[in-house]
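Residues in the sequence shown are numbered from 22 upward in steps of one, following our numbering.
Positions of the beta carbon are idealized from the N, C-alpha and C atoms, including for glycine.
Okay, structure first, notes after.
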Amino acid sequence: MSRSFELASLLLVSSALVSPSVARAQSTPAASQSGPATPAPAQTGTAQPGDQAAPDAAQAPAEPAAEPVPEVSVPGGEVVVTGRRGRTNVLRSSTQALSLLSSEDIARTGEGDIAGALSRVTGLSVVGNGFVYVRGLGDRYSLALLNGLPLPSPEPLRRVVPLDIFPTNVIASSLVQKTYSTNFPGEYGGGVINLTTKSVPKEGFFSIDAGIGADTVTTGQLGYTYFGTASDWTGFGNGGRLPPPALQNYFNNGVRLSQLPFAQNIEIASQLINGRNAVVQRNGALPPNWSLGFSGGKSWDIGDTTLGVIAAFGYSNKWRTRDNTQQLASSGDLSQFAENFRRVITDNRLVVDGLIGVNLDIGEQKLRWTTLYIRDTLKQARLGEGTRPAQQPDLIFRDQDTAWYERQLLDTQLVGEFKIGDLWRVELRGSFANSRRNAPAELNFEYSRNTNNPIVDFRNVFLNQLNNQNGSATIAYSQLRENLYAAGVDVTYKPQDNLTASFGYSFNDTGRTTERRDFRYNGLNLPLGVGALRPDLLLSPAPVRAFGIFLEDLTEGGNALFGAGLTTHASYGRLQLDLFDKLNLDVGFRYENGSQFTRAIPVFTTGGGIGIPQTRIDRDYWLPAVTLTYKLNPQMQFRISGSKTIARPQFRELIFQPYYDPEYNRTYRGNPLINDSQLYNAEARYEWYFARDQRFTLAGFYKRIENPIEPFVSLLSDNDYVVSFANAPRAQLYGVEVETQKYFNLDGLFGNSAFFGSRRAVVIANYTYTSSEIQVGANDPAQVFPLNITRATQLFRNGVPLTGQSDHLANLEIGLEQKDGLSQQTILFNYASRRVTQRGGPNQPDVYETPGIRLDFVARQGIKLAGVMTELKFEARNITGTIFRELQENGPNRIFFNRYNQGTQLNLSLGVKF
């Protein structure tokens, strides 16, 4: 802990160093320290100190050209602002606390997806597959929007979209608002993340980007894969994983597998396994990562009308190998292993994305149509070996898994902005989005060898007797489909410069179905020699028919298909008013009606599954929000804000259906008895914009949460567990965050050096301290289906932190950039202290991960090749080689849920723009 506090002190000291005038008056004019002019937001304001125009070129060194204002599309705001230049600072002029990543900010980080770029924002961290945590609150407390409209998620049992599926090449800006305003939906715990897609530029362009990369623990190293289909490299496959005819007929007819004639069962069993999906192959030298992208846009002026079109396409192919230690404990003091495995996991991730947008400007009236398509596919092979000493001490097990996970998002939106006279503005928004996830033919085979086998010849041979004790084989098919319809209208009335009134209505309707069918092979009295066959031969048609190997449908006793939905109607009113020259009031109320449900859908025509209760949450909410901003002087201001918001359960948390997470290698199952959470939020913030595009901010925040939803471990056996969810009685979270951004001119630093004279340095530092605790009383109730739990103390301990919350988050960027051209070199430092990922099992400590330190380097250089301007980019990620660790500790005893070397990633890319 002392190391973390030393780090915090170091960053606070660095903040003072990069903003020396915090402690003393500036001895040189602000203009000589300033960066590029900060563009104006939609409403251009008058120039203010700290926003000065650049000095005359004859009197001062050349400054970088002013950048266009970032494009931002939010409810109750401009549809898109592009190409405008001005002096007003967007963050300062907003009535809320914002962080804004422009396309240039994103480019400086060099990240390939928006989740990675957001990890550089104050108070944000990214966990797992692109789920963003704001101020220590889990992804369920974050709200993600695209152009101000909601997004469906392609993740099973989850409504939050993973942001790692959004490539940075299609995103113009990412806005993070940490204080609540009523124009946003009420599901707003930690903050809102609004992504704005790129719009049509005024000047036509066409660009090509290509990249190649290597991973020190993957590229050219040993890994595992399987054939699959010949077109797997595209991310689409060719239909080779679809259920074979006999299995599809079984799905369609609604008859239980146990009621089918035995011969028909055997026929289904004989068609599922083959050499394409069940043979794991060694690859002694895995290939490098590579990517390719195209984008282009053009606009045409037709009288007073401007028509613009933009399109983008991207493809990436990446490999990752994890040599992973995975363990489970069988005792509360963690002194004995229930399971101790080493698993080598190779992922081949294939991403295809496309964007097309059409803008139509008719005078001051604007229409914007955007369609975004993303397909993110993971092809995974796993090979593991280990022991289960608590139950089977004489056996050594060998596991083999193959899987194919498809995630897909299609989102089409139409947004219109209409000005009616000088006082009124009306915005209309509508969208349809479809997301889906397919995981066909997830295969698991487990072989074992008995070191005390009475038949000596078999002591060193791994056998699979298909008896589910010392050998097994399973196959699963799962799919998810979700449709989301959204519409909204926002009306703004501005009778005078210091008064803006707005009101609006929004409607969202989400419908989802998720299905999972699990099957297990059974072989009765299988000869030992047959059990030594590799999987595709063991379960080929001849042995299946000869030895009567049959299938069990493990979902017969439960429910395989679930439906879920959420419908919301909301209206709001908001008033933004300058009470006097130095005090601004932003106040509003939001009324929100929500109806959420989950239910089991029968798949069999006879009999029923277990009695899973249906979830139905119908609630009305009144959600107030107020922010006061006091201008201490033209450069400094102070904000205080308070609000009430909500957090509804995610589908993953409600649906009583198993879901395997390939990132953390664990199974989740929902609890249909949980309810929604209510949050009471307060914040105070000091902001100092001491020069153009430069700032220092200090904030304190507090949240009280009623009925927070927390994950916990439920043991199925001594060597198997599942993660479920329950409402804790209450929790509180509070913290402090500090941020600074400072530019340094390097003129005269090394005499008359032309190199340094044409460049400036940039330092961006932020630090967040967060503390949280769950509050549990002796008589607080709790409900978990189907467990016999009535008290919260059976699941939670009083005073423990919320899951996902790190006490310390720190980011430091130190860069060198050219003023009049493209030349940037940036060192990026990121630190996150340990955070709980899930509650431990009965009488066991919690499980936590240690993200630790991550050091990256990104260099971008503009060069001319054959008269064409190109951008060359080099990236080095995780230079320190930080190891991923997720573990339990009890005194000297440690149990590693996951531990592997993440390696260092090196990437080189070239972009050409015509």
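Proximal residues to residue i (C-beta, below 8 Å), its chain only, five neighbours per side dropped
i, result
"Arg-297", "Tyr-247, Phe-248, Gly-249, Thr-250, Gly-261"
"Arg-566", "Ile-287, Ser-291"
"Leu-444", "Tyr-514, Lys-515, Pro-516"
"Ile-638", "Gly-615, Ser-616, Gln-617, Phe-618, Arg-669, Pro-670, Asn-696, Asp-697"
"Asn-800", "Arg-812"
Cβ neighbour criterion (16 or more within 10 Å) applied to residue i
i, result
"Tyr-336", "buried"
"Tyr-271", "buried"
"Glu-92", "buried"
"Ala-442", "According to the sequence as given, residue 442 is Gly; it is not Ala. So Gly-442 counts as exposed."
"Val-477", "exposed"
"Gln-421", "buried"
"Gly-825", "buried"
"Tyr-651", "exposed"
"Glu-360", "buried"
"Phe-283", "exposed"
"Asn-702", "buried"
"Leu-545", "exposed"
"Leu-139", "buried"
"Gly-932", "buried"
"Asp-714", "buried"
Residue i - DSSP class collapsed to helix/strand/coil
i, result
"Thr-627", "coil"
"Phe-568", "helix"
"Ser-456", "strand"
"Gly-442", "coil"
"Gly-550", "helix"
"Glu-463", "strand"
"Pro-556", "helix"
"Phe-283", "helix"
"Glu-684", "coil"
"Leu-927", "strand"
"Thr-346", "strand"
"Ser-854", "coil"
"Tyr-162", "helix"
"Gln-269", "helix"
"Arg-812", "strand"
"Thr-423", "strand"
"Asn-488", "coil"
"Asn-361", "strand"
"Phe-935", "coil"
"Pro-516", "strand"
Integer-rounded CB distance, given that residue j should sit under 8 Å from residue i
i, j, result
"Val-512", "Val-447", "5 Å"
"Gly-968", "Gln-486", "No information on residue 968 is available, as it lies outside the stretch 22 to 935 that the chain covers here."
"Asp-556", "Ile-294", "Correcting the residue type first, residue 556 is Pro in the shown sequence and not Asp. Going by Cβ atoms, the distance from Pro-556 to Ile-294 rounds to 6 Å, so yes, they are a contact pair."
"Glu-438", "Lys-387", "5 Å"
"Arg-364", "Gly-405", "3 Å"
"Phe-746", "Ile-726", "The Cβ separation is near 15 Å, so there is no contact."
"Lys-199", "Ala-118", "5 Å"
Same chain only: Cβ atoms within 7 Å of residue i, ignoring 5 sequence neighbours per side
i, result
"Tyr-498", "Pro-264, Pro-461, Ala-462, Arg-538"
"Val-734", "Tyr-742, Val-744, Gln-859, Arg-860, Gly-861, Gly-862"
"Glu-536", "Ser-499, Gln-500, Ala-581, Leu-582"
"Thr-925", "Thr-237, Ala-897, Arg-898, Asn-899, Ile-900, Gly-902"
Chain-order list of residues whose beta-carbon lies under 6 Å from that of residue i (same chain, five-residue window excluded)
i, result
"Asn-864", "Gly-353"
"Pro-679", "Thr-688, Arg-690"
"Thr-626", "Gly-275"
"Pro-913", "none"
"Asn-455", "Leu-431, Asn-504"
"Gly-584", "Thr-534, Arg-620, Ile-622"
"Ser-312", "Gly-232, Ser-337"
"Gly-378", "Ile-331, Thr-391"
"Leu-381", "Leu-328, Leu-388"
"Ala-705", "Ile-661, Gly-721"
"Ser-854", "Ser-25, Ser-827, Asp-828, His-829"
Quick test of the definition: if touching needs 3 or more C-beta pairs under 8 Å, does the region 885-900 touch the region 650-664? no
Pairing CB atoms from the region 862-874 with CB atoms from the region 902-915, are three or more of them under 8 Å? yes
Decide if the region 297-309 is in contact with the region 190-203; the criterion is three or more beta carbon pairs, one per stretch, under 8 Å apart. no
Indicate whether the contact test is met: 3 or more Cβ pairs, each with one atom in the region 802-811 and one in the region 838-848, closer than 8 Å. no
Touch test, the region 372-388 against the region 409-417, Cβ-Cβ under 8 Å, three pairs minimum: no
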